[in-house]
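Going left to right, the sequence shown walks through residues -17 to 676 as our numbering numbers them. Accompanying notes for the structure given below.
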Amino acid sequence: MTIRTPTNVIDRRQLTYTTTTAIGRFNVNPPRLEASHGKKKRLRSINDIMHQVIQRHKKVNLLNTLYATCAVPGQRDTVERMASSHKAVYAFIIKQLQQVFPPEFWGSHHNYAVILEGIRKLVMMRKRETVRIPYLLRGFKVSQCTWLGSSTSGIVPSDMKVRIKILSQVMHWFYQSYLIPLMRSCFHITEGSSQGNKLFYFRRDVWDQMSQSFFNQLSFRFESVDKVYTSKLNLGASPLKLIPKGDTFRTITNMKNAVLPSSGARRDNNHHLKIILTVLQFEKTQNPGILGSTVISPKDLWERLTTYKRRMKDRTSSYHFFKADIKRCFDSIEQDRLLLILKDLLQNKRYAIKWNDRGTKGTLARDLPLILYFDDWSRMSKSDRDRYRTYSGDKLFSLVKEHIKANIIKYRSKFYRQKFGIPQGSCLSSLLCSYFYACMERQYLSFIQSDREALLLRYVDDFLLITPNEKTINAFATFVSNGAKDFNCEFNAQKSMSTIRIEANDSITVCATPEFPWCGYLFHKETLDVFSDYTRYSNTGMNDLLTVNYTPTAFDLVHKATQAIKLKQQLILTDPLYNCTNTLYRNAYERYLLAGVKLVVYCKELWIADGKRPLPPMYLYNVAKQIYERTYDASKSVDRDMERGLFIRAFITAFQRCPQLFSGVIDLLHDSLLEIKNRHLISRMISSWPETGL
């Protein structure tokens, strides 16, 4: 029996209710218990208790309990601060349990304390975390529950087995049919955009008031439609999800869980749009310049920077940087202009897309392209052609046109059509942005193309210009200040940054540090070496970025840490032909430090959840060894002995953040460090590097 985080079991239909209606619909139904033949007499006691629970629940004023424990916050500067604290939610649940459940339901004060501790863990859980009911009941004494049997001592194993089975059914009912429905009836539970996986509990009346006020402000972007209109469409209506972001909300459409209004059936819109994604990606490979300065992946960034650095290898002066961010990127895109771009791209074309990767019986499946033009497909043998399906570019355009011009969202119980921009949450969103803004670049930024010493990069809506020429920087800054009105493009002045003072706009932030930040990277102004930017970890608690398995194995600990390291083992960070040796060592040390800090935070969470019993030092030491063996740089771009020393120093630094828990493993790592020949050089190198913020 597994309980998921409350946000994963929230019934989204409850958002249509007022707080009073939602709570009014919260009823208690007794559990359906099963017992073997001849053992049903022991169920009479719990049935009597459940009758008391139902009667007491009817007499309780749930609203008064909620208002008494979770007061409405005063006017706050951010949406997230309007949420009730975890402590207040916990207090509300305790008060409700005290009014509804008689003491004999728990059996003893000890068992009641065990239940309360399990509830505290449930309230504190983060997004995507799961926990098993036996874990929440750890320490629960079956013998102290008289409703499970009259005898409290000398219980035979067969009788204990029956008692545990009945207890499991009752507790499963308690969590799944009482506690979680209680929480989702009284609170809207959601994650925030800036706090990682942390969950926020908003009183329903508070959430309804804030969300409705925000949606009313969006009325210019949507128009109400009826079911007759939506029944003619191929794609379903996507539920609109609001995510707290600063003093407002971020709107996300859940394209994977769309609804067909005519039948109520579920449809994955992204699945139906995936074929268009394949075609658009194929057109990019056929004409790489069609997306302008777009970088889609870290590999794209590495290729563009490597080519640029090779071209500028004789340059000795430093580089100037300028970054800019488009305001409301997805919401401001001109739909008609985007459709013209896509029509020119897709019309009068036919595509063949491979749908079966298996060979026919008695033959070998040959490597064939995933997608190709119809003319190339028609020249293939019949056996190869049978593994493809053909699609008309005009029909694909009709589908993407519906996706853009007739994007239907469902908010509460009503349906709306999006009049401006493109939907967020679609598998096409980023690529459509890239095609749209590439067209804008060709019209407005030709002066950058004429500067052979300039490099323009764009990740969706984030621009970065690198050039040694101040004139180009100032020209780009002028464009950013003016925007592109015929593309409805306006830049966010607060997010613009430059390495030099801009003559036309003194308000643009000047980066005074040796490294320039952009999209999670730091670029050295003199050498163009690339580092990871870890400043976001200093703004968000590391424990809010984790998801914890509360019954872990050594594999879970190793997997969490290796995952953090491998995400930072990108070519742009590990390529010895691009970065200097000192940069490679620093990048290695920082990614090992990140993994070490995550491991420490994970272990502290387990320490708190497991009754403050620390993990054995040798166990953690062996976990650290496995992490290194799985993640060391096999390409030999850095010295193996130096890399091992950097790993040990990083993990010592991480464990020293909580020396009272990890003194044993720290001693073991210090012993290993003595085996490193260049340990003193490593210490000097680390002390010369800037603080990461981890």
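Virtual Cβ for every residue (Gly too), placed ideally from N, Cα, C.
If you ignore the 5 residues before and after Q608, its C-beta comes within less than 8 Å of the C-beta of A536 and V540, all in its own chain and listed in chain order. The criterion of a C-beta distance shorter than 8 Å is satisfied by E508 and S300.
Beta-bridge partners of D307 (DSSP): D444. In this model, T112 and Y584 are separated by some 15 Å (Cα to Cα). Secondary structure at Y503: strand, using DSSP grouped into helix, strand and coil.
Rounded to whole angstroms, the Cβ separation of I258 and D443 is 21 Å, and the two are not in contact under 8 Å. For R483, same chain residues with a beta-carbon under 7 Å away, outside a window of 5 residues either side, are V492 in chain order. Between the alpha carbons of S670 and P641 lies a distance of about 24 Å. Rounded to the nearest whole angstrom, the CA to CA distance from F312 to A570 is 36 Å.
The C-alpha of G218 lies about 12 Å from the C-alpha of H253.
DSSP places I404 in the coil class of the three-state scheme, outside both helix and strand.
For I335, the enclosing beta strand (DSSP E) starts and ends at R332 to K336. For E173 and R286, the gap between their C-alpha atoms comes out near 36 Å. In this structure, V530 is the residue among T460, V530, P84 and E205 with its C-alpha nearest to the C-alpha of K180. DSSP places E657 outside both helix and strand once states are collapsed to three, so it counts as coil. Ranked by how close their Cα comes to the Cα of A636, the residues A577, R293, E62 and C421 have A577 in first place. Sequence-distant partners of I28 (beyond 5 residues in either direction) whose C-beta falls short of 6 Å from its own C-beta, in its chain, are W129.
Residue pairing from DSSP places C471 in a beta bridge opposite A466. Under the 10 Å beta carbon count, W337 is surrounded by fewer than 16 other beta carbons and is classified as exposed. Here A240 is near R249, since their CB atoms are less than 8 Å apart. Nearest to F303 by alpha-carbon distance, out of L656, F498 and R63, is F498.
In the DSSP secondary-structure assignment, E205 is bridged to R399.
Rounded to whole angstroms, the gap between the alpha carbons of M667 and I278 is 34 Å.
Under the 10 Å beta carbon count, G502 is surrounded by fewer than 16 other beta carbons and is classified as exposed. Each of Y603, Q400 and R573 was checked against the Cα of E625, and the nearest Cα belongs to R573. Taking a 10 Å sphere around the C-beta of M600, we find fewer than 16 other C-beta atoms and assign the residue as exposed.
For the pair P221 and K40, the CB atoms are not nearer than the 8 Å cut-off. Of S90, R185, Y516 and L643, the smallest CA-CA separation from Y49 is found for R185. Judged by their CB atoms, F505 and T565 are not nearer to each other than the 8 Å cut-off. For the pair F469 and M422, the CB atoms are nearer than the 8 Å cut-off.
In the DSSP assignment, S159 falls outside any beta strand (DSSP E), carrying neither H nor E. Between the C-alpha atoms of Y398 and S195 there is a straight-line separation of about 16 Å.
DSSP places V530 in the coil class of the three-state scheme, outside both helix and strand. Using a C-beta cut-off of 8 Å, the stretch 269 to 283 makes contact with the stretch 428 to 441, since at least three inter-stretch Cβ pairs fall below that distance.
Here the alpha carbon of P243 sits roughly 38 Å from the alpha carbon of Q151. The continuous alpha helix (DSSP H) containing I97 extends over residues H91 to M106.
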